[in-house]
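Take a look at the structure below.
2 protein chains.
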Amino acid sequence: MTEADRSAADMRGRTHSGRVSMAMVAASAGVSGQTVSRVVNESPRVDPATRARVEAAMAELGYRPHRAARALRTGRSQTIGLVFTTLATVGNSRMLQATAEAAAERGYALTLVTASDGVAESFEKLSLQEVDGAIVLNEASALMADAQPPSGLRLVVVDAPTGVGFASVHSDHAGGAASATRYLLSLGHKTVHHLAGPASSFAAAERERGWREALNAAGVDVPAPARGDWGAASGFSAGRALSSASAVFCANDQMALGLVRALAERGRRVPEDVSVVGFDDVPDAANYRPPLTTIHQDFAALAHRAVSVLVDAIEGAASTERPEVVPTALVIRASATAVLR
Amino acid sequence: MTEADRSAADMRGRTHSGRVSMAMVAASAGVSGQTVSRVVNESPRVDPATRARVEAAMAELGYRPHRAARALRTGRSQTIGLVFTTLATVGNSRMLQATAEAAAERGYALTLVTASDGVAESFEKLSLQEVDGAIVLNEASALMADAQPPSGLRLVVVDAPTGVGFASVHSDHAGGAASATRYLLSLGHKTVHHLAGPASSFAAAERERGWREALNAAGVDVPAPARGDWGAASGFSAGRALSSASAVFCANDQMALGLVRALAERGRRVPEDVSVVGFDDVPDAANYRPPLTTIHQDFAALAHRAVSVLVDAIEGAASTERPEVVPTALVIRASATAVLR
DNA sequence: TAGGCGCGTGGTAACGTCAACATTCCTGAG
DNA sequence: CTCAGGAATGTTGACGTTACCACGCGCCTA
């Protein structure tokens, strides 16, 4: 023990790189490097006393496992990638933050890959990054449809149709949309117009489907939907087409924001003249004018599942998360009201 | 050549790991591994013909350098970290996206570190991640003030005071605030109230300073500022204190959003009764009601500088970016107007 | 009491790369 | 014609880790 201590001290604790290696810990604790490795990796095959001694040495020396060395040896980088096209949509931002936290919980680093340059480029970046797997956010998922991901790269796509060759996870867009539509109908509106998201988006398609089905179920007319690009400006543009509606379900909050402004400019008040419901429940929605009734998405749960599914796949465990669709909820504020008769 | 080709083919192109290594490329091109390394690293000491042959072999085999192996050997991970507390403030989201793009341009991967658990925790995560350096976003920067970063970890802090031991980069908060204030004064308002950001934030302090100095320069009264936390809800709460103001400069757009709603609830119209100017120019601001006059921040430029400064430091180059403060600009929309006399 | 088995542990090699040094070949000056 | 010197390329080993196998010990079973 004393001898081991001395020999560790002789090494001055550091190599030229200033790094504490496993070998130093081993020398200090008087065991082999292999045993240190077992302690670090929580192998059960270590005597408790030995384990304690090694842990003490690690603490004293300030040992940190070297990710790169481990990655080289094991072929696993303990890193997952997050692919997205933009953070301009608030939903994506929230999803990103939630994903960062969920990944950290599972002991994985999260690296960012922007998909602005198309799929091929993204896959290129992903393989360069040597991630163990990746989570692809909704907007980018449309791009993924055709391109075959490099074999061996685990993918979980958020807000993509299930069962298309990669794992997917999504919010209950259709259910949320249906409940928004039913809510509006229950307020006495004869029908509900829809400001949809971009045609390429699965989430947008699902929300549109939920709206359509709710309308059909109620036996009311299905007006042609307007279409935007998720941005507030596109919601504003849709104001013209929607100015005579009495109820509008918007595919996201930001478009609702623009729509409400457009309506106001035309002298149509919300909710007195037009009822509006959004989707996402972004943090600002409660402070829109009027406070926006909307569908809440649980991004934390969504991110958690995406990471779970991905990490389970990476680590070879059977995915325990079952139906991979996370519930949404109507939150009633002040932008929709009963029609006056 | 033919022989080299055959021997490469004999290896079936892959090891058990399915990875193409330098050695395979070397065998295929009939050169040593070292020469391949030189080609990959763009060393000038390679015969053009040889270089071409190696490049052809790399392309044919689909060679990708192994980041982990390189990191192990060189001690550099070619990765930078991004530390942030939250993405709920839209400014942070935009900064993050811009940073991801800037880092990619420089050939660095960007990994996310949330700082929700305090500084020590963040530094811990950073060293575990083995990043070559890190960019710290404003909210987190206050936390950094006291804690000493681990030696050898390069840091660039965004929106922190300059010259405090680490590099920093920031927008011209004070200048932007002053120009917002002067604009409001020029509209005929007797004075300008201020809805400030959290006291712990450098950006908030700078904006407050700019506002104060502009008021002093004009020789008008400096009312006590209200204070929020960047969120729209806190802007709404500030409505009570600010309801009798004729002009308000808000430290960010989201608080302005909440404030406008609070004002509306009190029967004070914007801009007819109260003029409001924000800060950040978030994408939604043009669709607030009324469209918000605000100070535009150039997040792309800010991110670009932060990455430049950091990467230059990592690579040992003298930082060429000089004053590290990026200009802001007043964008006039409809939330502020001349006072009626 | 001999054989076997599981436990805790150690030794060795290899993951893919690059720095340092070594080697070969060619050019041109003396 | 010889030899210094530089350019192009090759050889060796190490970065820190873990997989695989081997070893010795105590205990159980036949």
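Same order as they appear, the protein sequences are chains A and B.
Take the first sequence: its letters are residues 2 to 342, numbered as in the working numbering.
Take the second sequence: its letters are residues 2 to 342, numbered as in the working numbering.
Beta carbons: idealized from backbone N, C-alpha and C, even for Gly.
On a predicted model such as this, the values are computed, not experimentally measured, just so you know.
(request) For residue 54 of chain B, count neighbouring Cβ atoms within 10 angstroms of its own Cβ and tell me buried if that reaches 16, exposed if not. (result) buried
(request) Would you give the residue range spanned by the alpha helix (DSSP H) that residue 300 of chain A belongs to? (result) 300-315
(request) Report the neighbours of residue 130 of chain A on chain B: residues whose CB is nearer than 8 Å to its CB, in chain order. (result) 68, 110
(message) Residues of the segment 37-49 of chain A in Cβ contact with chain B at a cutoff of 8 Å, in chain order, please.
(response) none
(message) Could you give the first and the last residue of the continuous beta strand (DSSP E) run that contains residue 158 of chain B?
(response) 155-159
(request) Could you run through the segment 258-287 of chain B and flag, in chain order, every residue whose CB is less than 8 Å away from some CB of chain A? (result) 258, 259, 261, 262, 265, 284, 285, 287
(request) Would you check if there are 3 or more beta carbon pairs closer than 8 Å linking the segment 249-256 of chain B to the segment 217-236 of chain B? (result) yes
(message) Here's the rule I'm using: 16 or more other beta-carbon atoms within 10 Å means buried, otherwise exposed. How should residue 81 of chain A be labelled?
(response) buried
(request) With a 10 Å radius around its C-beta and 16 neighbouring C-beta atoms as the bar for buried, classify residue 339 of chain A as buried or exposed. (result) exposed
(message) My output table needs one value for residue 190 of chain A: the three-state DSSP class, helix, strand or coil.
(response) coil
(message) Closer than 8 Å is the cut-off here; do at least three beta carbon pairs connect the segment 87-96 of chain A with the segment 89-101 of chain B?
(response) yes
(message) For residue 133 of chain B, count the other beta carbons within 10 Å of its own beta carbon; 16 or more makes it buried, fewer makes it exposed. Which is it?
(response) buried
(request) Confirm, please, whether the CB-CB distance from residue 192 of chain B to residue 212 of chain B is below 8 Å. (result) no
(request) Would you identify the three-state DSSP class for residue 115 of chain A, choosing helix, strand or coil? (result) strand
(request) To the nearest angstrom, report how far apart residue 34 of chain A and residue 174 of chain B are at their CA atoms. (result) 53 Å
(message) If the criterion is Cβ atoms closer than 8 Å, does the pair residue 272 of chain B and residue 292 of chain B meet it?
(response) no
(request) Compute the beta-carbon to beta-carbon distance between residue 172 of chain A and residue 298 of chain A, rounded to the nearest angstrom, for a pair I have assumed lies under 8 Å. (result) 5 Å
(message) Using the three-state DSSP reduction, which class does residue 290 of chain B fall into: helix, strand or coil?
(response) coil
(message) Helix, strand or coil for residue 28 of chain B? Go by DSSP, reduced to three states.
(response) helix
(request) Please confirm whether residue 195 of chain A and residue 250 of chain A have their CB atoms less than 8 Å apart. (result) yes
(message) Is residue 156 of chain A close to chain B? Criterion is C-beta to C-beta, closer than 8 Å.
(response) no
(message) For a quick check, are the C-beta atoms of residue 128 of chain B and residue 154 of chain B less than 8 Å apart?
(response) yes
(request) Return the residue from the list A:158, A:41, A:72 that minimises the CA-CA distance to residue 57 of chain A. (result) A:41
(message) Assuming residue 265 of chain B is part of the alpha helix (DSSP H), what are its boundary residues?
(response) 254-266
(message) Measuring only the C-alpha atoms, how far is residue 185 of chain B from residue 214 of chain B?
(response) 14 Å
(message) Using only the alpha-carbon positions, how far apart do residue 306 of chain A and residue 335 of chain A sit?
(response) 32 Å
(request) Would you please verify whether the beta carbon of residue 102 of chain A is less than 8 Å from any beta carbon of chain B? (result) yes
(request) Could you pull the start and end residues of the beta strand (DSSP E) that residue 250 of chain B belongs to? (result) 248-251
(message) Is there a Cβ of chain A sitting closer than 8 Å to that of residue 314 of chain B, yes or no?
(response) no
(message) Measuring only the C-alpha atoms, how far is residue 50 of chain A from residue 38 of chain A?
(response) 16 Å
(request) Report the option in B:161, B:167, B:225, B:220 whose CA atom is closest to the CA atom of residue 311 of chain B. (result) B:167
(request) Measure from the alpha carbon of residue 333 of chain A to the alpha carbon of each residue in A:313, A:280, A:308, then state which is nearest. (result) A:280
(request) Using a Cβ-Cβ cut-off of less than 8 Å, list which residues of the segment 210-239 of chain A approach chain B; keep chain order. (result) 232, 233, 234, 236, 237
(request) State buried or exposed for residue 233 of chain B, treating a residue as buried only when at least 16 other CB atoms are found within 10 Å of its CB. (result) buried
(message) Can you tell me whether residue 172 of chain B is helix, strand or coil according to DSSP?
(response) strand
(request) State yes or no: is the beta carbon of residue 298 of chain A nearer than 8 Å to at least one beta carbon in chain B? (result) no
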